[in-house]
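Take a look at the structure set out below.
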Amino acid sequence: MLFIDFSSAFNTVVPSKLIAKLGDVGICTSICNWIMDFLTNRPQSVRLGNHISSTLILKTGVPQGCVLSPLLYSLFTHECVPWHSSNIFIKYADDTTVVGRISNNDESAYREEIQSLSAWCSMNNLTLNATKTKDLIVDFRKSNSSGSEVERVSSFKFLGVRISEDLSWRLNTSTLVKKGQQCLYFLRRLKKVNLSPMILSNFYSCIIESILTSSITV
Numbered sequence: 001m002l003f004i005d006f007s008s009a010f011n012t013v014v015p016s017k018l019i020a021k022l023g024d025v026g027i028c029t030s031i032c033n034w035i036m037d038f039l040t041n042r043p044q045s046v047r048l049g050n051h052i053s054s055t056l057i058l059k060t061g062v063p064q065g066c067v068l069s070p071l072l073y074s075l076f077t078h079e080c081v082p083w084h085s086s087n088i089f090i091k092y093a094d095d096t097t098v099v100g101r102i103s104n105n106d107e108s109a110y111r112e113e114i115q116s117l118s119a120w121c122s123m124n125n126l127t128l129n130a131t132k133t134k135d136l137i138v139d140f141r142k143s144n145s146s147g148s149e150v151e152r153v154s155s156f157k158f159l160g161v162r163i164s165e166d167l168s169w170r171l172n173t174s175t176l177v178k179k180g181q182q183c184l185y186f187l188r189r190l191k192k193v194n195l196s197p198m199i200l201s202n203f204y205s206c207i208i209e210s211i212l213t214s215s216i217t218v
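What follows is the structure in structure tokens.
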């Protein structure tokens, strides 16, 4: 499994490329024109107290925090799919994971998939962050992406779940228990200030119980 990190993914989306991709999936021209107008020549400045910075005109990217941005990014990358049937892509917003099945010690399909993905990113103004991209594969040599060596790790936090190379739940469970125990400290502090049982119960349900049951559906 290759857990990919893109450098400033939302900020590097090229509006003209995005609009072309939206047209390919059947988005009508009027909506494409509106999105193009929304994304191009956006003024940005920073205010700190009574001081305002000079205005910068943004020509790339989708706005951080905008409810439309994750959808636009997903449409921008919808055509990024695996070439080999032995590989799958798991995509969630700007998180992408390559899962490859290697048979008979033949890793060529997995290697080619990574190189193909790297080439696609280069053509679409996306940059793979080799430092934060991690490889989680048992008995597998380090992967190479765009000439940068990718670190192999024994575990990785994937969308809040700790995945280990032996696919056991021990690490994830111990991590959740430790986090829950840390929150118990605050529950004890709240009890000492004589808060009502209802407030203490709500704190437990919202904070501690939610941690312990966070991976129950996995």
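Numbering (full-length UniProt numbering), first residue to last: 1 to 218.
Cβ atoms here follow ideal geometry from the backbone N, Cα and C, with glycine treated the same way.
Since K134 and E151 are thought to touch, with beta carbons under 8 Å apart, how far apart are those beta carbons, to the nearest angstrom? The sequence position of residue 134 within the sequence shown is 134, counting from 1. The sequence position of residue 151 within the sequence shown is 151, counting from 1. Right, their Cβ atoms sit about 6 Å apart.
With distance defined between alpha-carbon atoms, name the residue in F186, F3, T40 nearest to I208. For the purposes of this step, residue 208 is taken as residue 208 along the sequence shown, with counting starting at 1. Of the candidates F186, F3, T40, the one whose C-alpha sits nearest the C-alpha of I208 is F186.
Cα-Cα separation between F140 and D5, rounded to whole angstroms: Taking the sequence shown and counting its residues from 1, the one referred to as residue 140 is at position 140. Taking the sequence shown and counting its residues from 1, the one referred to as residue 5 is at position 5. Low confidence applies here, because F140 scores a pLDDT of 44, under 50, leaving its location unreliable and the question unanswered by this model.
So, with DSSP's three-state summary, where would you put T12? If you number the sequence shown from 1, residue 12 lands on position 12. Helix at T12.
Below 6 Å CB to CB, which residues in the same chain sit around L58 once its five sequence neighbours on both sides are set aside? Position 58 of the sequence shown, counted from the start, is the residue given in the question as residue 58. Within the same chain, L58 has close Cβ partners R42, Q44.
Using a Cβ-Cβ cut-off of 7 Å (strictly less than) and excluding sequence neighbours within five positions of L171, which residues of its own chain qualify? The residue labelled residue 171 in the question sits at position 171 within the sequence shown. Correct list, in chain order: S155, R162, S164.
Which of the three DSSP states, helix, strand or coil, is assigned to D24? By 1-based counting over the sequence shown, the position of residue 24 is 24. Correct three-state label for D24: helix.
Would you kindly report the start and end of the unbroken alpha helix (DSSP H) that includes G180? What you label residue 180 is simply residue 180 of the sequence shown in a count that begins at 1. That run of the alpha helix (DSSP H) goes 170 to 192.
In the structure shown, what three-state DSSP assignment does residue 266 receive? Residue numbering for the chain in the displayed model covers 1 to 218; residue 266 lies beyond these limits and cannot be assessed.
Over the uninterrupted beta strand (DSSP E) stretch that includes L167, give me the two end residues. Position 167 of the sequence shown, counted from the start, is the residue given in the question as residue 167. No beta strand (DSSP E) contains L167, which DSSP labels as neither H nor E.
Which complete beta strand (DSSP E) runs does the stretch 98 to 162 hold, if anything under 3 residues is left out? 155 to 158
Evaluate contact between the stretch 66 to 82 and the stretch 45 to 56, counting only Cβ atoms and requiring at least three cross-stretch pairs below 8 Å. no
Would you mind sorting G26 into buried or exposed? The rule is 16 or more other CB atoms within 10 Å of its CB. Residue numbering aside, residue 26 sits at position 26 when the sequence shown is read from its first letter. By the 10 Å Cβ count, G26 comes out exposed.
Assign A20 to one of two classes, buried (16 or more other C-beta atoms within 10 Å of its C-beta) or exposed (fewer than that). Here residue 20 refers to the residue found at position 20 of the sequence shown. The residue in question, A20, is exposed, as its Cβ has fewer than 16 Cβ neighbours within 10 Å.
Expected contact under 8 Å - CB spacing of W83 and S116 to nearest Å: If you number the sequence shown from 1, residue 83 lands on position 83. If you number the sequence shown from 1, residue 116 lands on position 116. Yes, W83 and S116 are in contact; Cβ-Cβ is about 5 Å, under 8 Å.
I need the DSSP call for K17, collapsed to helix, strand or coil. Indexing the sequence shown from 1 puts residue 17 at position 17. In the structure shown, K17 sits in a helix (DSSP, three-state: H, G or I).
Rounded to whole angstroms, what's the CA-CA distance from K191 to L200? Just pull it up for me. Translated into the one-based positions of the sequence shown, residue 191 becomes position 191. Translated into the one-based positions of the sequence shown, residue 200 becomes position 200. Taking the straight line from one Cα to the other gives about 7 Å.
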